[in-house]
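Residue numbers (the working numbering), protein chains in the order written: chain S, 1 to 578; chain F, 1001 to 1578.
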């Protein structure tokens, strides 16, 4: 199989007979699977993947140095992946930190690759839900063991700062993958494998049947990765499809191939060791400007699509790829209602962090801050609108005052489009917090910018107000509203028309709190209330928080619930007379 | 509320305070709900709804005479339904047995009706999954109590014979409705109502959040009924949507309004008594040729659609009604492989019954009988192709030899389209079993016909062979194939290209059996093997059998599984610091 160096992961060496057995996989992973099943039921905190960088380096996991060396060894050469149907090598990733990665990847001849992927379906189906789950957990374990290597790969494709790339691109993404496996396993095992059916017929003998139920896959799943969170947004769909028996073709964003190429290679390695067709997971890297996703999405073999990205392409997929189940996460306009605060300083620091983290390049970052024009009541006394925006601007500036610390929080601007939006935002209204350039201590060519905040007014009756479009990146709008009621109605309109991955509110007023909650329940948005500490509206935890709701225009699916997995497989019944 | 006579259902009288309380509903229905939840887990036989006509008449249920009288009292007058937004009365149902029903129904002004339906959503959402389920069970209980009245209503709209109309249109439909309620309840309660989340932070205090999770509805659900099984095919979607918190607008087939109008009236009555907005369930009857479903399907308020009917309209809905979750059951070409038989006579009688029941007007009736041209081996010796078709024709003729008995099995031809297809079928090939007219003992104007069987040959390489189109009605094709392997490949092609609600096979050959099973697993079709007794391929039992698979072109959903309910609601999370 793959000729990639696996020396960093000694614990993955094959068993004596050269393969991973079901018994070994059970020993390694059954307890973890059981705990994951318990976690999605209680939704209490749980994770088997440590998030501290120093937690790695033992028990067969890469140390920081090993991870960095492994990443360096990948650069400037073809990425080795022995999948069939390769017609050329493609690649051109440039790190947002200014480094050309120089890695090339196989470009697929899909008429060769897709049949090869399908050839593994029967064996994978016959493995059954439990063995499929255990194989997925082994894939995740090997990914976890290489968390440091993934951290560099995610950092140099997404622009995330190293610690965030390690955590969000590593353990948190692994959690989301494991969560999807747990849901998939649970869903496939809700129907028994067999049933005895005996229907009374009065004095006559009962009618008796034996029934067998088998979870069957739909076909090849296409996972279309995104630039900013290649693993975190990619793993749920990838593992949900694979665990339900479907081959998965991974089409990464052309700027963020490496983390998913590593994922594919590890998956193929584990599948082969466990006796399955490695082509059940394959990579589809593309030529510049090729638009491969569009070609793949309408192939009849593709029966499932997972996509994170623009609303326009997401809508196109939903409308056009009618042969497939399509799961999309698209754009939204995340909204914050600031009506009053019991802990004003806590609110400011919490919100300042949310606006700054990864330069606001998260689908969950707040964009619109709705603030009554008459100001708000707080534990620090009344604050006028201008005082609130000034205080928030000061909180952001303080948080990002030191360049090195700022760079560690902001990361780099992921691509020129975001930079252009940031530059243009200052023209949209009165700038209450200007963006500034930050010098990165290690990467002089990195484009690092602090967020901009622009004051707008909801009272202006514009047809297409700027704040009702997603402005993805380090841009927020402080929107003056007439009243709390006005804020609530604008929140409703925003979620209904534009969608939202997240909503936050700060209020000490029970009526306002209830009104915001009611809007979120009616318009189907996830709400964080009065956060002042170390949990932020833009972060969700696997096994407990839902990412998106699937019920407003920002996404047609939530990570992760039963609906995310239940239609990736079907149940076939065979019945016979007993 | 409804001014309909409810004297037949004494047990439904309101409690002393004029309303149904949660406690009363719990007393009445919690045990049934629990049993239903158990049944969908074991998939053993279970039903709380007796199917023998004589089981009714006690415990507040209508006797046969009461049911008939109640049905007669409905005829020739406006159907009383006090829903808002009625702009005229419409109707023109003519029984396939030759009686004009003369019932008229309110035609909706949907700009008035839809907002009235939405106005009940908050209260219904706040009731929560358990109370919603119990209210649904009360609706089903009252429907069950009027099983005899429904039997006549189903008979005189679908053309089913009385006993079948009573069973399939009554208890079996009620079972399917209850099954949907059980799935909906189970699905909504898999996420806890609240969770305490505490994430360790090393030496610092843990991060702590309290989280509330609420199942929220999507919006108004549209249930588009069909002509042949208004209740059986209608109840699953209706109850799945209602139990998950959505208002349901019932748009019956214009030839089969009465059973669903009764359903709507009972639902409204129960909702009002339980303190909910009765407009959560409403009827949308249409003018002749109006095409109301097409108008309703694209209204932004409509967020869920359930449809049973033609492939063309089902495909249109799936493609066009992008604002809604669309669940369709469309056409398919149900295929039977006859390779060999261990009990030849049992096979013949079983298959003869399946071909005859309700004149083959079931979406599950076999159409293509694939038989090797060299004949088959049986416990009665080798049988040539011609002997097999002749023996099967004889079995059908014997089953339907007596007109009165035949009428009781065949029912009436549901509409002129089916009659036209039957007449045209004889031109498609050699008729091996001619259709004959049957005189109905009670209804001289009823159109009753025995099934036709036509011999075709798969070896003819036609571009569009007749047997690869659904020929809905009492028409089957005995298709000569070269071999068992040829049959298996034609089965695969048929299911893949045309879909199938059911597949059956008779074989004593383990390899052939395995090949047929593999095709069904790969192409996602439900398989019945070697049936010779009192269970038939065209019948499925709620709580145990899946109706359709949702994985081939005949239907995009199965009745009933988690996928059928999981996307009718969404989960909204509200989180706060603990």
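All residues carry an ideal CB built from backbone N, CA and C; glycine is no exception.
None of these values were measured; they are calculated from a predicted model.
| field | Inter-residue spacing [alpha-carbon to alpha-carbon] between residue 1256(F) and residue 1547(F) | value | The sequence position of residue 1256(F) within the second chain is 256, counting from 1. The sequence position of residue 1547(F) within the second chain is 547, counting from 1. Cα to Cα, the separation comes out at about 21 Å.
| query | Listed in chain order, which residues of the region 534-559 of chain S have Cβ atoms closer than 8 Å to some Cβ of chain F? | reply | 534, 535, 541, 544, 545, 546, 549, 550, 551, 558
| task | Whole angstroms is fine: what's the gap from residue 1127(F)'s alpha carbon to residue 463(S)'s? | result | One-based indexing of the second chain puts residue 1127(F) at position 127. One-based indexing of the first chain puts residue 463(S) at position 463. If you take the alpha carbons of residue 1127(F) and residue 463(S), they lie about 39 Å apart.
| message | Below 8 Å, how does it come out for the region 1100-1117 of chain F and the region 1126-1146 of chain F: are there three or more Cβ pairs, yes or no? | response | no
| request: Report the rounded CA-to-CA distance for residue 1330(F) versus residue 1225(F), giving the unit in angstroms. | output: Position 330 of the second chain holds residue 1330(F). Position 225 of the second chain holds residue 1225(F). Whole-angstrom Cα-Cα distance: 12 Å.
| Are there 16 or more other CB atoms within 10 angstroms of the CB of residue 59(S), so buried, or fewer, so exposed? | If you number the first chain from 1, residue 59(S) lands on position 59. It is exposed - the Cβ of residue 59(S) has fewer than 16 other Cβ atoms within 10 Å.
| query | If we call anything under 8 Å between Cβ atoms a contact, is residue 388(S) one with residue 338(S)? | reply | If you number the first chain from 1, residue 388(S) lands on position 388. If you number the first chain from 1, residue 338(S) lands on position 338. Yes, Cβ-Cβ distance for residue 388(S) and residue 338(S) is below 8 Å.
| said: Using only the alpha-carbon positions, how far apart do residue 611(S) and residue 293(S) sit? | reply: Nothing about residue 611(S) can be reported from this structure: the residues present for chain S run from 1 to 578 only.
| message | Quick check on residue 1199(F) - is its C-beta less than 8 Å from some C-beta in chain S? | response | Translated into the one-based positions of the second chain, residue 1199(F) becomes position 199. Yes, its Cβ sits closer than 8 Å to a Cβ of chain S.
| query | Going by DSSP, which residues form a beta bridge with residue 340(S)? | reply | Counted from its first residue, the first chain places residue 340(S) at position 340. Answer by DSSP bridge pairing, in chain order: 377(S).
| query | Ordered along the chain, which non-local residues of its own chain (more than five positions away) have a Cβ less than 8 Å from that of residue 1485(F)? | reply | For this step, residue 1485(F) is matched to residue 485 along the second chain. These residues qualify, in order along the chain: 1515.
| query | Among residues of its own chain, excluding the 5 on either side of residue 195(S), which ones have a beta-carbon nearer than 6 Å to its beta-carbon? | reply | Here residue 195(S) refers to the residue found at position 195 of the first chain. Result list for residue 195(S): 211, in chain order.
| field | Against chain F: residues of the region 492-521 of chain S by CB proximity under 7 Å | value | 517, 520, 521
| said: Quick check on this structure: which residue in 181(S), 163(S), 78(S) has the alpha carbon closest to the alpha carbon of residue 261(S)? | reply: What you label residue 261(S) is simply residue 261 of the first chain in a count that begins at 1. Checking every option, the nearest Cα to that of residue 261(S) belongs to 78(S).
| Cross-chain neighbours of residue 31(S) in chain F, by beta carbon under 9 Å | Taking the first chain and counting its residues from 1, one reaches residue 31(S) at position 31. Here the premise fails: no neighbours, minimum Cβ distance about 20 Å.
| said: Using CA atoms only, rank isn't needed, just tell me which of 473(S), 429(S), 357(S) is closest to residue 405(S). | reply: On the first chain, position 405 is the one that residue 405(S) refers to. Nearest C-alpha to residue 405(S): 357(S).
| query | What does residue 1211(F) touch in chain S if you count any residue whose Cβ is under 9 Å from its own? | reply | Along the second chain, read from residue 1 onward, the residue named residue 1211(F) stands at position 211. Those within 9 Å of residue 1211(F) in chain S are 43, 544, 545.
| field | Proximal chain F residues relative to residue 187(S), where beta-carbon distance stays under 8 Å | value | As a working mapping, residue 187(S) is identified with position 187 in the first chain. Result: 1562.
| query | Taking Cβ to Cβ, would you say residue 1222(F) is nearer than 8 Å to residue 1302(F)? | reply | Against the second chain, residue 1222(F) aligns to sequence position 222. Against the second chain, residue 1302(F) aligns to sequence position 302. Yes, the pair counts as a contact, with Cβ atoms nearer than the cut-off.
| What number of angstroms, rounded off, separates the C-alpha of residue 475(S) from the C-alpha of residue 42(S)? | Position 475 of the first chain, counting from 1, holds the residue named residue 475(S). Position 42 of the first chain, counting from 1, holds the residue named residue 42(S). Their Cα atoms are separated by approximately 36 Å.
| For the region 1216-1231 of chain F, which residues have a CB atom closer than 7 Å to at least one CB atom of chain S, in sequence order? | 1216, 1218
| request: Would you mind reading off the limits of the beta strand (DSSP E) that contains residue 477(S)? | output: Counting from one through the first chain, the residue named residue 477(S) turns up at place 477. Run containing residue 477(S): 475-481, per the beta strand (DSSP E) assignment.
| field | residue 1161(F) vs residue 1439(F) beta-carbon contact at 8 Å | value | As a working note, residue 1161(F) is residue 161 in the second chain. As a working note, residue 1439(F) is residue 439 in the second chain. Cβ distance not < 8 Å, so residue 1161(F) and residue 1439(F) don't count as in contact.
| task | For residue 426(S), verify whether its CB is less than 7 Å away from any heavy atom of the ligand MG. | result | The ligand content of the structure shown is nil, which means the ligand MG is not present either.
| What do you reckon, are the CB atoms on residue 454(S) and residue 413(S) nearer than 8 Å? | Counting from 1 along the first chain, the entry for residue 454(S) is found at position 454. Counting from 1 along the first chain, the entry for residue 413(S) is found at position 413. For residue 454(S) and residue 413(S), no; Cβs fall outside 8 Å.
| C-alpha gap between residue 131(S) and residue 278(S), whole angstroms | For this step, residue 131(S) is matched to residue 131 along the first chain. For this step, residue 278(S) is matched to residue 278 along the first chain. Going from the Cα of residue 131(S) to the Cα of residue 278(S) covers about 15 Å.
| query | Which value, in whole angstroms, describes the spacing of the CA atoms of residue 204(S) and residue 1534(F)? | reply | Taking the first residue of the first chain as 1, we reach residue 204(S) at position 204. Taking the first residue of the second chain as 1, we reach residue 1534(F) at position 534. Computed Cα separation, rounded: 11 Å.
| request: Check residue 269(S) in the structure and name its three-state DSSP category. | output: Counted from its first residue, the first chain places residue 269(S) at position 269. Helix at residue 269(S).
| message | Taking CB distances under 8 Å as the criterion, tell me whether residue 192(S) reaches chain F. | response | As a working mapping, residue 192(S) is identified with position 192 in the first chain. So yes, residue 192(S) belongs to the interface.
| query | Along the chain, which unbroken stretches of the beta strand (DSSP E) at least 3 residues long are found entirely within the region 413-459 of chain S? | reply | 430-433, 452-457
| said: Could you tell me the alpha carbon to alpha carbon distance between residue 1157(F) and residue 1020(F), rounded to whole angstroms? | reply: Counting from 1 along the second chain, the entry for residue 1157(F) is found at position 157. Counting from 1 along the second chain, the entry for residue 1020(F) is found at position 20. In a straight line, the C-alpha of residue 1157(F) is about 33 Å away from that of residue 1020(F).
| task | Given a cut-off of 8 Å, decide if residue 1568(F) and residue 1304(F) are closer than it, judged by their beta-carbon atoms. | result | Indexing the second chain from 1 puts residue 1304(F) at position 304. Indexing the second chain from 1 puts residue 1568(F) at position 568. Their beta carbons are under 8 Å apart, which means residue 1304(F) touches residue 1568(F) by this criterion.
| task | In angstroms with no decimal places, state the Cα-to-Cα distance between residue 528(S) and residue 1498(F). | result | Reading the first chain from its first residue, position 528 is the one you call residue 528(S). Reading the second chain from its first residue, position 498 is the one you call residue 1498(F). Those two C-alpha atoms are separated by around 48 Å.
| query | CA-CA distance, residue 1511(F) and residue 1544(F)? | reply | In the second chain, the residue the question calls residue 1511(F) occupies position 511. In the second chain, the residue the question calls residue 1544(F) occupies position 544. If I take the Cα positions, the gap works out to 27 Å.
| request: Anything in chain S within Cβ reach of residue 1418(F), meaning under 9 Å, just list it in chain order. | output: To locate residue 1418(F), count along the second chain from 1; it is residue 418. Chain S residues near residue 1418(F): none, gap ~28 Å exceeds 9 Å.
| In this structure, what does DSSP give as the bridge partners for residue 1306(F)? | To locate residue 1306(F), count along the second chain from 1; it is residue 306. Paired residues: 1223(F), 1327(F).
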